[in-house]
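One structure is given below, encoded as structure tokens.
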Amino acid sequence: MLDEAASSESSDAIARKKELLMQRLQQRRPTKQSRSGTDQAKLREEELTEVLNRAREQAESGVVDEETVKTLESFLSLEGCGWSAKRIQSALELLRKASVGANSEGPQKSTFSFSISKKRNNSGSSASPKTAPSVPSEASPFIQKVSSDNAISLANLTGETRVVTGKDGNDVKLKEIRNCRLSFTFRPSTVHIQGLYDSKLVFLPVETSILMHDCLRSQIFATAQQLRIHTSNELRLHVGVRAAVIIESCTNIRMAPYR
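Residue numbers (the numbering used here): 2 to 260.
In structure tokens:
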């Protein structure tokens, strides 16, 4: 009888030890998972810091790599908001300014200056013109079209890198622009774009609206009251819109903040 009682007590002790061991294992699992999540967050933060450092170096040198911009946009889409998102937005802004600066300072790039002239009386044809637009001698005949409705129009450009200057309040009309990089140094009233392909446009704040039709594989940097996009594909828009964004019959439109 004593042997049976001792055996029973031994079995109960073993069962209790097993139960305690299982409880300890259950308690350890969440800790391991949380540590794993912490490690992933730490690794992600290190990767983000590396990309931000690379972006700062590119902004200082003026040579911007598109892959760096894409990587920052990917991080921004995951962060949403918060301190990291602000750091990413600041880096994107530095890269945007560096890109504009590179366009305006490069020795191989020419600057276009447009002035809007009023109609002169035919009787005063002998008077010397005072508001003739300044155009470089090597300019394409399609580059400058200054119309009487106070608009700057560019059409049929291919492979151009230009800085376009004008007066605040001028409208901008672009048509059939291919593989170009255009930066505008004034504040347009309205921007109308039709037929933009594989190009990059950088605007100062637009007073009213940006209208886009039939655009493909291009980037836009701008702020406006309203943005309307029709029948366009594969666009990357760094925009700030104060009122409405209207997108119709479009695919693969990616948007990122503009600061």
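Glycine is no exception: its CB is placed at the ideal position from the N, C-alpha and C atoms.
Pull up the distance between the alpha-carbon of residue i and that of residue j, whole angstroms please.
i, j, result
"leucine 228", "glutamine 24", "59 Å"
"alanine 99", "arginine 57", "10 Å"
"leucine 238", "glycine 170", "22 Å"
"valine 240", "lysine 43", "31 Å"
"glutamate 94", "arginine 55", "14 Å"
"glycine 196", "leucine 175", "8 Å"
"glutamate 20", "aspartate 13", "11 Å"
"tyrosine 198", "threonine 232", "13 Å"
"valine 70", "lysine 168", "30 Å"
"glutamate 61", "glutamate 48", "20 Å"
"asparagine 180", "valine 242", "26 Å"
"histidine 214", "valine 246", "14 Å"
"glutamate 67", "phenylalanine 76", "14 Å"
"serine 250", "methionine 256", "16 Å"
"cysteine 216", "arginine 88", "31 Å"
"threonine 39", "glutamate 46", "10 Å"
Let's see if you can read the secondary structure: which residues bound the beta strand (DSSP E) around residue i?
i, result
"aspartate 160", "The displayed chain sequence assigns glycine, not aspartate, to residue 160. Premise fails: glycine 160 is in no beta strand (DSSP E) and is neither H nor E."
"proline 189", "Where proline 189 is concerned, there is no enclosing beta strand (DSSP E), given that its DSSP letter is neither H nor E."
"proline 258", "252 to 258"
"aspartate 172", "172 to 179"
"lysine 201", "201 to 203"
"serine 219", "210 to 231"
"asparagine 234", "234 to 249"
When you compare the CB positions of residue i and residue j, do they come within less than 7 Å of one another, or not?
i, j, result
"isoleucine 178", "serine 200", "yes"
"aspartate 172", "alanine 156", "no"
"arginine 182", "threonine 162", "yes"
"proline 258", "glutamine 41", "no"
"valine 52", "glutamine 59", "no"
"threonine 166", "threonine 186", "yes"
"serine 184", "valine 207", "no"
"alanine 92", "leucine 73", "yes"
"serine 219", "leucine 205", "no"
Which residues in the same chain have their Cβ closer than 6 Å to the Cβ of residue i, if we skip the five residues on either side of it in sequence?
i, result
"arginine 97", "Phe222"
"histidine 193", "Lys174, Leu212"
"alanine 16", "none"
Below 7 Å CB to CB, which residues in the same chain sit around residue i once its five sequence neighbours on both sides are set aside?
i, result
"threonine 252", "Asn234"
"isoleucine 248", "Ile230, Ile254"
Using C-beta distances below 8 Å, list every residue in its chain close to residue i, excluding the 5 sequence neighbours before and after it, in chain order.
i, result
"threonine 209", "Ser190, Thr191, Ala225, Gln226, Gln227"
"alanine 244", "Gln226, Gln227"
I'd like to confirm something about residue i: is its beta-carbon nearer than 6 Å to some heavy atom of the ligand ADP, or not?
i, result
"valine 203", "Looking for the ligand ADP in the displayed structure turns up nothing, as the structure carries no ligands at all."
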